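Numbering (this note's numbering), first residue to last: 263 to 408.
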């Protein structure tokens with residue numbers, strides 16, 4: 263993954279339904295940049311926040327409880343410098359929707375926590391792992407700007 267030269271002014275995170283990975287990424291990144299960079303998240307389809315995502319992010323003192331799912335098609339996405347997607351479907355959708363725009367679009371291969379099975383504790387452990395993988399990837403990508 264090649265880094266762009268300048269610090270982004272606005273970052274958008276996109277997954278399929280804006281319920282787990284993209285809201286987690288939004289919360290983590292907002293915590294790091296404290297309003298110095300505009301950060302948002304959305305999905306390519308409508309969804310609602312996942313309660314286990316809310317729970318594992320609360321462990322890190324990040325509140326997702328009030329998160330409202332947004333659609334990519336309803337956002338003014340023309341001012342984002344960097345768009346990071348978490349599914350191949352979202353990546354292709356964003357690429358085709360932004361081909362006339364000057365922005366960097368990237369795909370991060372982050373596991374889908376909604377596919378984790380098992381009892382509640384096993385699922386929570388899986389969500390924590392996704393959160394931690396996401397945090398590490400974002401830190402690697404954005405460290406120069408923090």
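Every residue gets a Cβ at the ideal spot worked out from N, C-alpha and C, and that includes glycine. No experiment lies behind these values; they were computed from the predicted model shown.
Residue range 382 to 404 is occupied by the alpha helix (DSSP H) that includes residue 387. For residue 274, the closest alpha carbon among the candidates 402, 406, 378 and 352 is that of 352. Burial of residue 329 is indicated by the presence of at least 16 other C-beta atoms within 10 angstroms of its C-beta. Fully enclosed beta strand (DSSP E) runs of no fewer than 3 residues occupy 300 to 305 and 344 to 347 of the region 281 to 348, in order along the chain. Of 357, 406, 327 and 289, the smallest CA-CA separation from residue 396 is found for 289. By the neighbour-count criterion, in which 16 or more other beta carbons inside 10 Å mark a residue as buried, residue 393 falls on the buried side. Looking at 373, 286 and 350, the one whose alpha-carbon comes closest to that of residue 315 is 286. Boundaries of the beta strand (DSSP E) around residue 369: 366 to 369. Pairwise C-beta distances place the region 338 to 352 in contact with the region 360 to 374, as three or more of them are shorter than 8 Å.
Bridge partners of residue 276 according to DSSP: 304 and 347. Ranking 271, 331 and 348 by CA distance to the CA of residue 292 puts 271 first. Taking one beta carbon from each stretch, the region 313 to 327 and the region 375 to 393 have 3 or more pairs nearer than 8 Å; the two touch.
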